[in-house]
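A.B. asks: Attaching a single structure in structure tokens format; questions to follow.
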Amino acid sequence: MSRSALLVLADGRFPAGGHAHSGGAEAAVAAGRITDAASLEDFCRGRLHTTGLVSAALAASAALGADPAELDAAADARTPSPALRTAARRLGRQLLRAARATWPSDELDGLARRFPKGAHQPVVLGLTARAAGLGPADAAHCAVHESVSGPATATVRLLGLDPFDATAVSARLAPEADRVVERAVDAARRVAGEGVDALPAASAPLLEILAEAHAGWSVRLFAS
Amino acid sequence: MHLDHAPAHHGPAAVSADVTRPDGARRALRIGLGGPVGSGKTATVAALCRALRDEVSLAVVTNDIYTREDAEFLRREAVLPPERITAVETGACPHTAIRDDISANLEAVEDLEDGVGPLDLILVESGGDNLTATFSKGLVDAQIFVIDVAGGDDIPRKGGPGVTTADLLVVNKTDLAPYVGADLGRMAADARTQRAHLPVVFQSLRDGAGVRDVAGWVRERLTAWTA
Ligand SMILES: Nc1nc2c(ncn2[C@@H]2O[C@H](COP(=O)(O)OP(=O)(O)O)[C@@H](O)[C@H]2O)c(=O)[nH]1
Ligand SMILES: [Mg+2]
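Each protein sequence line maps, in turn, to chains A and B.
For the record, in the first sequence the residue sitting at position 155 is 154 according to numbering that gives the first Met the number 0, with numbers rising by one throughout.
For the record, in the second sequence the residue sitting at position 179 is 178 according to numbering that gives the first Met the number 0, with numbers rising by one throughout.
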């Protein structure tokens, strides 16, 4: 495990397309569900324990060497909204481009050949972690961090929320995020014996529904 | 690395600025158009499409800030078949999408080459931004910065990366100069000072002045690219 490589991968400025996505925050702001730091924290906590957990387990599993195609199918099955599946593949493709340039590896090249239009982002994230010499917990940490920091930074832009308050939300959720990582890695370790059904399938129906509505808006700041 | 890397360029293929496509063919020349909101970037893209579409195979990527209006405008004007025009969403930060994190734009460019290629030229219009927004060399091979006389005739004097370093500076809407009291002579002199030998075109899409010069500059770039 290289902490420095982990920081490179987890950096919000890592150029993998995330800046154009709000993690559901834009739709939640419009629906009046996020209005301030407190409601942002509730939103992020919900995301952490659903999308965050599932993404982290997928990423950890990919980092442990599970078959990417099986993981990608498992991600599909855990993402009811077509708009979110499209967004996840798009982000996966963008991450793969950045990862291949940053940590060239045969495994990443193989993934690009197998999924020319992109695999689910957490799957790519796990393989990127491998290419960077990182382990399953590192991959899971990146996934849960993104699941919270994405909506938090988007809300700064959408609501003009005080950036210190938004960052404090991420910090307050950190201990919970650590526990989610442990659960995700435990599940991922079971995949070798039990198959991808060992992965968690926590879902957030409202995120899925709002994402479908958001995809139909003609005026929006974020792609998802 | 395996397969398809470009000469004088190591690392994985088709990642960003590589000059060959995965199949070994030379990719399209990419030209970026940047500049403040409303300066005439989309109108310049439309004019370029009309001037060049019978000579070369081309496509357009637009980067709108919160709508797809530029792409829709270009489709409505029928400057190109609709499948040759793609809109990228930029998440409230147009300069990020063309400079700091170019992933979505590279994807759009690749999809156009895959879908409607082979292409000779792809025009990438940035979402209107401030005077510091320039394109990454990983995304475009050359860039045009479009300002207009109504935005203030002191913009060339103020400089900034767009005005100073763009491969071509277009000062648009010269037809409006008399109405806004813009001093074109002063703008030209200031631009010369800021840009040394780099070219400047004064253009009006209303009366057609300069339109041929901008298209001519793009043709020269194309010739150099394919040489
Ligand atoms: N008078 C005048 N108007 C122009 C000219 N070029 C563009 N416009 C108008 O300026 C407005 C903004 O142009 P647009 O191309 O959308 O700007 P963009 O935001 O830079 O893409 C539109 O209403 C155009 O018709 C010009 O040369 N002269
Ligand atoms: Mg425009």
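Virtual Cβ for every residue (Gly too), placed ideally from N, Cα, C.
Please work out which residues of its chain come closer than 7 Å, Cβ to Cβ, to Ala27/A, disregarding the five sequence neighbours upstream and downstream, and give them in chain order.
C.D. replies: Here residue 27/A corresponds to residue number 28 of the first sequence, with the count starting at 1. Correct list, in chain order: Ile33, Phe42 and Leu209.
A.B. asks: Report the residue from Tyr65/B, Gly158/B and Pro155/B whose alpha carbon sits nearest the alpha carbon of Leu157/A.
C.D. replies: In the first sequence, the residue the question calls residue 157/A occupies position 158. It is Tyr65/B.
A.B. asks: Would you list the one or two residues that DSSP bridges to Ile146/B?
C.D. replies: For this step, residue 146/B is matched to residue 147 along the second sequence. DSSP lists Val170/B as partners of Ile146/B.
A.B. asks: When the Cα of Gly23/A is compared with those of Val147/A, His140/A and Glu181/A, which residue comes out closest?
C.D. replies: Locating residue 23/A in the first sequence gives position 24, where the first residue counts as 1. That would be Val147/A, whose Cα lies nearest to the Cα of Gly23/A.
A.B. asks: How about Ser80/A: is its C-beta nearer than 8 Å to some C-beta of chain B?
C.D. replies: By one-based count along the first sequence, residue 80/A stands at place 81. For Ser80/A, the answer is no, since every Cβ of chain B falls outside 8 Å of its Cβ.
A.B. asks: Starting from Ile30/B, follow the beta strand (DSSP E) in both directions and report where the run begins and ends.
C.D. replies: Counting from 1 along the second sequence, the entry for residue 30/B is found at position 31. Segment Leu28 to Gly33, the beta strand (DSSP E) holding Ile30/B.
A.B. asks: So, using beta-carbon positions, are Ala226/A and Leu133/A closer together than 8 Å?
C.D. replies: Residue 226/A lies beyond the range of chain A shown here (0 to 223); nothing can be said about it.
A.B. asks: Taking 8 Å as the threshold (C-beta atoms), are Thr173/B and Val148/B in contact?
C.D. replies: Within the second sequence, the letter at position 149 stands for residue 148/B. Within the second sequence, the letter at position 174 stands for residue 173/B. Closer than 8 Å, so yes.
A.B. asks: Counting only beta-carbon separations shorter than 8 Å, does Ala19/A have a partner in chain B?
C.D. replies: Your numbering for residue 19/A matches position 20 in the first sequence. Chain B, which has a Cβ nearer than 8 Å to the Cβ of Ala19/A, makes this yes.
A.B. asks: Output the distance between the C-alpha atoms of Arg44/A and Glu124/B, rounded to the nearest integer angstrom.
C.D. replies: Here the question's residue 44/A lines up with position 45 in the first sequence. Here the question's residue 124/B lines up with position 125 in the second sequence. Using only the alpha carbons, I get a separation of about 38 Å.
A.B. asks: Within 8 Å, do at least three Cβ pairs link the segment 68-75 of chain A to the segment 114-122 of chain A?
C.D. replies: Verdict: yes, contact present.
A.B. asks: At a CB-CB cut-off below 9 Å, which residues of chain A make contact with Ala24/B?
C.D. replies: For the purposes of this step, residue 24/B is taken as the residue at position 25 of the second sequence. Those do not exist, as Ala24/B stays about 16 Å from chain A at its closest Cβ, beyond 9 Å.
A.B. asks: Along the chain, where does the beta strand (DSSP E) containing Ile84/B start, and where does it finish?
C.D. replies: Position 85 of the second sequence, counting from 1, holds the residue named residue 84/B. Ile84/B -> beta strand (DSSP E) spans Ile84 to Glu88.
A.B. asks: With a threshold of 8 Å, are at least 3 pairs of Cβ atoms found where one atom belongs to the segment 193-204 of chain B and the other to the segment 156-171 of chain B?
C.D. replies: Touching, yes.
A.B. asks: If you drop the 5 nearest sequence neighbours on each side, which residues of the same chain put their C-beta closer than 6 Å to that of Pro6/B?
C.D. replies: Here residue 6/B corresponds to residue number 7 of the second sequence, with the count starting at 1. Here Pro6/B scores only 37 on pLDDT, less than 50, and its place in the model should not be relied on; the value that follows carries that caveat. Contacts found: none.
A.B. asks: Could you give the DSSP three-state label for Arg227/B: helix, strand or coil?
C.D. replies: Residue 227/B falls outside the range modelled here, since chain B spans only 0 to 226, and no answer is possible.
A.B. asks: Taking 8 Å as the threshold, find out whether the segment 114-124 of chain B comes into contact with the segment 69-89 of chain B through three or more Cβ pairs.
C.D. replies: As far as the Cβ criterion goes, the segment 114-124 of chain B touches the segment 69-89 of chain B, which means the pair count is three or higher.
A.B. asks: Leaving out five residues before and five after Glu69/A in sequence, what residues of the same chain have Cβ atoms less than 7 Å from its Cβ?
C.D. replies: By one-based count along the first sequence, residue 69/A stands at place 70. The residues are Val195.
A.B. asks: Would you report the Cα separation of Ala97/A and Leu175/B, rounded to the nearest angstrom?
C.D. replies: As a working mapping, residue 97/A is identified with position 98 in the first sequence. As a working mapping, residue 175/B is identified with position 176 in the second sequence. Cα to Cα, Ala97/A sits roughly 44 Å from Leu175/B.
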